[in-house]
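Note that the numbering used here has the sequence shown beginning at 1, numbered continuously upward.
Below is one structure, written out as structure tokens; the observations come after it.
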Amino acid sequence: MPTKVMQGVRVLEVAQFTFTPAAGAILADWGADVIKIEHPVRGDTQRGFLNMGGVQLDPLRHTLFEHPNRGKRSVGIDLSTTEGQELLYELAKQCDVFLTNYLPQVRQKNRFDIEHIRAANPNIIYARGSAWGDKGPEREKGGFDGTAFWSRSGIADCMTPPELPGPLSQGMPAFGDSIGGMFIAGGISAALFHREKTGETAELDVSLMSTAAWASGANIAQAVETGVITKNSMPSSGGGAKNPFMGNFWTSDGRTINLCMVSPTGLIQDTFEHVGRPEAANDPRFKDVLSLIENAKAASDILVEAFAEKPFAYWREHLKTLKGQWAPILNLLELAGDEQAIANDMLIEVEAADGGPPLKLVRSPVQFNREALETTRSPQASEHTEMVLMEFGVEWDKIEELKTKGAIA
1 MPTKVMQGVR
11 VLEVAQFTFT
21 PAAGAILADW
31 GADVIKIEHP
41 VRGDTQRGFL
51 NMGGVQLDPL
61 RHTLFEHPNR
71 GKRSVGIDLS
81 TTEGQELLYE
91 LAKQCDVFLT
101 NYLPQVRQKN
111 RFDIEHIRAA
121 NPNIIYARGS
131 AWGDKGPERE
141 KGGFDGTAFW
151 SRSGIADCMT
161 PPELPGPLSQ
171 GMPAFGDSIG
181 GMFIAGGISA
191 ALFHREKTGE
201 TAELDVSLMS
211 TAAWASGANI
221 AQAVETGVIT
231 KNSMPSSGGG
241 AKNPFMGNFW
251 TSDGRTINLC
261 MVSPTGLIQD
271 TFEHVGRPEA
281 ANDPRFKDVL
291 SLIENAKAAS
301 DILVEAFAEK
311 PFAYWREHLK
321 TLKGQWAPIL
331 NLLELAGDEQ
341 AIANDMLIEV
351 EAADGGPPLK
361 LVRSPVQFNR
371 EALETTRSPQ
381 ASEHTEMVLM
391 EFGVEWDKIE
401 ELKTKGAIA
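Put into structure tokens, the structure is as follows:
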């Protein structure tokens, strides 16, 4: 059996969409029992998102929902009711972590903010995900990764070449959400470790804005220090103005090879030989790194011409023995079939709710003991209500009573 480093940890999740539920999915990947609380009629709002970027999604093969919700169990509770809130507290008493991304005013209205959950379980770790953070004038304002991670953070601005008339849109659904979910999972792991060592509990916050700031941290620090904001350049074939071994190079069939030799020391001869220009290695203009930098344009022109002579497939095979760092620029389908991704178990299969072929999902990025991940599909809305409540000691008569009142599904 794969190593489950979170086995024995119970997580109570009251969250929707991708950002914070993604943290629950990662913890479930690691072995935690993640109990997802959903509205007994509507479920997680994201279940209704059936069109993403013009792609129609099957509600029984809902990949956008599967990505942040695999491995969990779903319990349907109406948290707007007193009975539902009391039931939530009963579950919280037996859980290690409470995970939410609801806005502060909703947490207060439905009585699951930190003071309510801690009243039920003083030792529980309380984890919040938000768009803008849990402090400041906009703490009650909602947002998505398209607003908080991509647009306001400076990422859209930096990713857009100055020649374009306006900023690029975020092309990757749940891009910042998925990154931020890993941060929440890491914070929860640290809080669990802290509680184990000291007996002290903790509350933690991760926002999409802070996720973006950290991801852009090197560039932000440089901009604050120098006043200079570096941006993407328009696509072209060729190396950098100072380092010709850094850049994208177009192949004869219109694909791209990326060279990324941050330090060309010891790589000049090997690189020119691999692109079929061994004579360039003996050119005095490129005899050492300083000479290469001084004549970067001439070296770049040689590489551009060489790469343009052969197709993408040739270079992917031929450059396998190149000493310097490089990569083919792939699309998502090519990555899913990439031998290195497959060898490292980056994709997993889970059963589909419709009984059809298994769904392929991406595993969370941490791998323990080199073992492939095993997990289950995401739950159907309220799929495990009765089972979980009985495990937590709720009597069957009480379950039937709560159903009759509409407090649970």
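C-beta atoms are modelled at their ideal positions from N, C-alpha and C, and glycine is treated no differently.
Is it buried or exposed, Gln16, if we count other Cβ atoms within 10 angstroms and call 16 or more buried? Gln16 should be labelled buried.
Rounded straight-line distance, which links the Cα of Ser178 to that of Thr100: Straight-line Cα distance between these residues: approximately 15 Å.
Under the three-state reduction of DSSP, which class applies to Asn51: helix, strand or coil? The three-state reading of DSSP puts Asn51 in strand, counting E and B together.
Between which two residues does the beta strand (DSSP E) containing Tyr126 stretch? It spans Ile125 to Ser130 - the beta strand (DSSP E) in which Tyr126 sits, taken as one unbroken run.
Reduced DSSP category for Leu204 - H, G, I as helix; E, B as strand; rest coil: Under the three-state reduction of DSSP output, Leu204 falls in the strand class.
For the region 328-367, list the beta strand (DSSP E) runs that are entirely contained and at least 3 residues long, ordered along the chain. Runs of the beta strand (DSSP E) inside the region 328-367: 347-350 and 359-362.
Considering just the uninterrupted stretch of the beta strand (DSSP E) at Ser236, what are its terminal residues? Per DSSP, Ser236 belongs to no beta strand (DSSP E) and is neither H nor E.
Short Cβ contact (7 Å threshold) for Ser382 with Gly76: Cβ distance < 7 Å, so Ser382 and Gly76 count as in contact.
Simplified DSSP state of Gly247, which is helix, strand or coil: Here Gly247 sits in strand by DSSP.
Considering only the alpha carbon of each residue, which of Gly181, Val97, Asn51 and His318 lies closest to Asn125? Going by the sequence as given, residue 125 is Ile instead of Asn. Closest option to Ile125, Cα to Cα, is Val97.
Under the rule that 16 or more other beta-carbon atoms within 10 Å means buried, what is His67, buried or exposed? Buried, by the Cβ-count rule.
Inside the region 30-92 only - beta strand (DSSP E) runs reaching at least 3 residues: For the region 30-92, whole beta strand (DSSP E) runs of length 3 or above, ordered along the chain, are 33-38 and 73-76.
Might you give, ordered along the chain, the residues of its own chain that have their beta carbon closer than 6 Å to the beta carbon of Lys297, omitting 5 neighbours on each side? Nothing listed; no residue qualifies.
Nearest candidate by alpha-carbon position, reference Val5, set Arg128, Ala185 and Val289: Of all alpha-carbon atoms in Arg128, Ala185 and Val289, the one lying nearest the alpha-carbon of Val5 is that of Ala185.
What do you get for Cys260, buried or exposed, if any count of 16 or more other CB atoms within 10 angstroms of its CB means buried? Per the 10 Å Cβ criterion, exposed.
Where in the region 154-218 do unbroken runs of the alpha helix (DSSP H), each at least 4 residues long, occur, reported from the N-terminal end onward? Runs of the alpha helix (DSSP H) inside the region 154-218: 155-159, 175-198 and 208-215.
Contact under 7 Å by Cβ, Thr453 with Phe368: The requested residue 453 is not part of the displayed model; the chain covers only 1 to 409.
Spatial distance of Glu391 from Glu400 (CA atoms): Distance between the alpha carbons of Glu391 and Glu400: 15 Å.
Below 8 Å, can you find three or more Cβ-Cβ pairs linking the region 166-174 to the region 134-151? In short, these stretches touch, since the Cβ pair count reaches three.
Among Glu90, Glu395 and Leu373, nearest to His116 - alpha-carbon criterion: Selected option, being the one with the closest Cα: Glu90.
DSSP state of Arg370, grouped into three classes? Coil, per DSSP.
Pick from Met1, Leu12 and Glu317: whose alpha carbon is nearest that of Val388? It is Leu12.
Spatial neighbours of Glu273 within its chain, please: CB distance less than 8 Å, with the 5 preceding and 5 following residues excluded, ordered by chain position. Close CB contacts of Glu273 within its chain, under the 8 Å cut and outside five residues either way in sequence, are with Ala281 (chain order).
Which same chain residues end up closer than 8 Å to Pro104 when comparing Cβ atoms and leaving out the 5 residues on each side of it in sequence? The residues Asp113, Asp134, Arg139 and Glu140, in chain order, have a CB closer than 8 Å to that of Pro104 in the same chain once the five nearest residues on each side in sequence are set aside.
Below 8 Å, can you find three or more Cβ-Cβ pairs linking the region 241-261 to the region 302-322? Output reads yes: the region 302-322 touches the region 241-261.
Thinking just about the alpha-carbon of each residue, which of Lys231, Asn232, Asn123 and Ala241 is nearest to the one in Glu203? Out of Lys231, Asn232, Asn123 and Ala241, Asn123 has the C-alpha closest to the C-alpha of Glu203.
Span separating the alpha-carbon of Gly406 from that of Asp78: In a straight line, the C-alpha of Gly406 is about 7 Å away from that of Asp78.
Hey, out of Ile220, Ser236 and Gln94, whose CA is closest to Gln230's CA? Checking the displayed sequence, the identity of residue 230 turns out to be Thr instead of Gln. Thr230 has its Cα closest to that of Ile220, out of Ile220, Ser236 and Gln94.
Residues near Val262 by beta carbon distance below 8 Å, same chain, minus five either side: For Val262, where only same-chain residues beyond five positions count, the Cβ hits under 8 Å are Asn243, Met246 and Gln325.
Thr265 to Thr20 span [Cα, whole Å]: Approximately 44 Å between the Cα atoms of the pair.
Between the C-alpha atoms of Ser130 and Asn69, what's the straight-line distance to the nearest angstrom? One C-alpha to the other measures close to 18 Å.
Across which residues does DSSP place Glu13 in a beta bridge pair? Bridge partners of Glu13: Lys36 and Leu99.
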